[in-house]
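Working notes for the structure below.
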Amino acid sequence: MSDPFGGFFWVFVQRKLLTGTSRFTDQIEKIIGMGIESRRKGRPQKEAEDMKNKSVPFFSLKNKSVPFFSFYPGSGHLHEVGAGFGEGYTINVPLPETAGDIAFEKAFREILLPAAEYFEPDLVLVSAGFDPHHNDMAMNLSYDGFKVLTSIVQGIADQYCDGRLVLVLEGGYNLTSLSRGGHAVLEVLAGGDAPELQECGVKEVTEAAEFHRSAFTRDE
């Protein structure tokens, strides 16, 4: 494979994770899966839908821009809500390509958290992609944004799953954002604090204001 970070090989790993959890039925009966990505991967949603039950709901955010929405596998639309007894347990959140920290956090807090409260999962499974970073494909997440999202899913695992949380490294196309994004996630998992998010640019303006303030302040 010419680009080890750009293919679809990861879906086989995730399929094994989804099917392999059946070995632990004493502890795990309900899994909530979620994807953080610019482009939508269809395999986790398809695996969950193929079960046609309520044991594996799937939550996904993706770039709704036309070039990416038509990209393989072309899924992730708002109206795709699952099938059979699992209808309503696929939760897709299409976002514009400029969406960043605030939009992602809002989606997690206002859509994912109520879903987790209703479902009360035994395991949280995350396909952790880093292509939504602003240095990568087409979205606007920062490293702080990844920290906050990690803190939210870790909170779900702690509240409902006795801490059972699995993150699968999905990929990314910029090696810097991939490595630093992974570090940001691990920092939170290791006990680090998640910052309070601000609209992009506000932090920099605040710092600049502090720097320049003395030039416009009269001595008394």
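Residue numbering for the sequence shown follows full-length UniProt numbering, starting at 1 and increasing by one per position. All C-beta atoms in this analysis are idealised placements derived from N, C-alpha and C, irrespective of residue type, glycine included. For clarity, every value in this text was computed on a predicted model and none was experimentally measured.
- Residue 142 holds the alpha-carbon nearest to the alpha-carbon of residue 131 among 161, 142, 123 and 187.
- For residue 140 against residue 194, the beta-carbon gap comes to about 18 Å, at or over 8 Å, which does not count as contact.
- DSSP links residue 127 through a beta bridge to 35 and 168.
- The beta carbon of residue 164 lies closer than 8 Å to those of 27, 28, 122, 123, 124 and 157 in the same chain, with the five residues before and after it left out.
- Look at residue 134 here: in three-state DSSP terms it is coil, with no helix or strand label.
- Around the Cβ of residue 114, a 10 Å sphere holds fewer than 16 other Cβ atoms; the residue is exposed.
- Under a 10 Å Cβ-count criterion, residue 90 is classified as buried, with 16 or more other Cβ atoms of the shown protein chains found around its own Cβ.
- The shortest CA-to-CA distance from residue 148 to any of 177, 159, 111 and 189 is the one to 189.
- Residue 133 and residue 84 have their C-alpha atoms some 35 Å from each other.
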